[in-house]
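Novice: Residue numbers (this note's numbering): 195 to 322. C-beta: ideal position from N, C-alpha, C; glycine also. Dropping a structure here in structure tokens format, bear with me for questions.
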Amino acid sequence: MASAASANTPKGNKGKRPREENADEEEPAQKKPRGPPAKPEKKMTEEESRKEDEAIERAAAKHQRALERLRARQQEKRVAKEPPTKDPEVLQDAPSIQNQTQTQEKEKGAVNPEKDDDLNLFASDGDV
């Protein structure tokens, strides 16, 4: 025969606690933390704090330098992909830049004497 308590509950709730009317007023049970117990926080001395701050600054500076190198490499790749400039001013400056480079090499003595005749191609008529 069924007991009086089970007669009041539906068939699916056997063995479960009946709901209380003021259930929302109760605090939910606290879950126990998993893993080993937390160690108490250690107080850092002034010197330890300073060393940690310096380490953080060094890491930030290292990161900043790495970012700058990355940006420089990306910029070099962009410049390499750009088509040659067709700006008339830049094209007019190109021979003068070449003359300056050869003149500087000649002053340094880096120009091969056999190729000295090639330099006359860029010289004006009065200089030959």
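Check residue 258 in the structure and name its three-state DSSP category.
Specialist: helix
Novice: To the nearest angstrom, report how far apart residue 264 and residue 270 are at their CA atoms.
Specialist: 10 Å
Novice: When you compare only the Cα positions, how much space is there between residue 241 and residue 276?
Specialist: 53 Å
Novice: Roughly how many whole angstroms lie between the Cα atoms of residue 266 and residue 233?
Specialist: 45 Å
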